[in-house]
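K.L.:
In this note's numbering, the protein residues as written are 630 to 713. We treat Cβ as the ideally placed atom computed from N, Cα and C, and that holds for glycine. Before I ask anything, let me first share the structure, which is written out below as structure tokens.
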Amino acid sequence: GLLASTGSTGDSYDNAMAESINGLYKAEVIHRKSWKNRAEVELATLTWVDWYNNRRLLERLGHTPPAEAEKAYYASIGNDDLAA
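Listed below in structure tokens is the structure:
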């Protein structure tokens, strides 16, 4: 079965921003239903990450998705290379 994350150091769970995103993910995806299998969780995760990066509108970014705001930022400073 799937195991819950536990406290650790030196990885994403030791980072406040990552932990905040992990909390959102768990609340918005994981804890909303019972999952039949790992593949179902993986598909839901891919769908959520795509929404989170490419469709979620943020007021502080002018009601644009984060990926679009990042692209506009790099274009504004004359660097079309996006972060990996």
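Could you check which residue in Y654, G707 and N708 has the C-alpha nearest to that of D679?
P.N.:
D679 has its Cα closest to that of Y654, out of Y654, G707 and N708.
K.L.:
Taking only runs of the alpha helix (DSSP H) that begin and end inside the region 645–688, which ones reach a length of at least 4 residues, in chain order?
P.N.:
Counting whole runs of 4 or more residues, the region 645–688 contains the alpha helix (DSSP H) stretches 645–657 and 667–683.
K.L.:
Alpha carbon to alpha carbon, how far is Y681 from A698? Give it in angstroms, no decimals.
P.N.:
The straight-line gap from Cα to Cα measures roughly 13 Å.
K.L.:
Distance check for A647 and E688, CA to CA, integer angstroms please.
P.N.:
Taking the straight line joining both Cα atoms gives about 21 Å.
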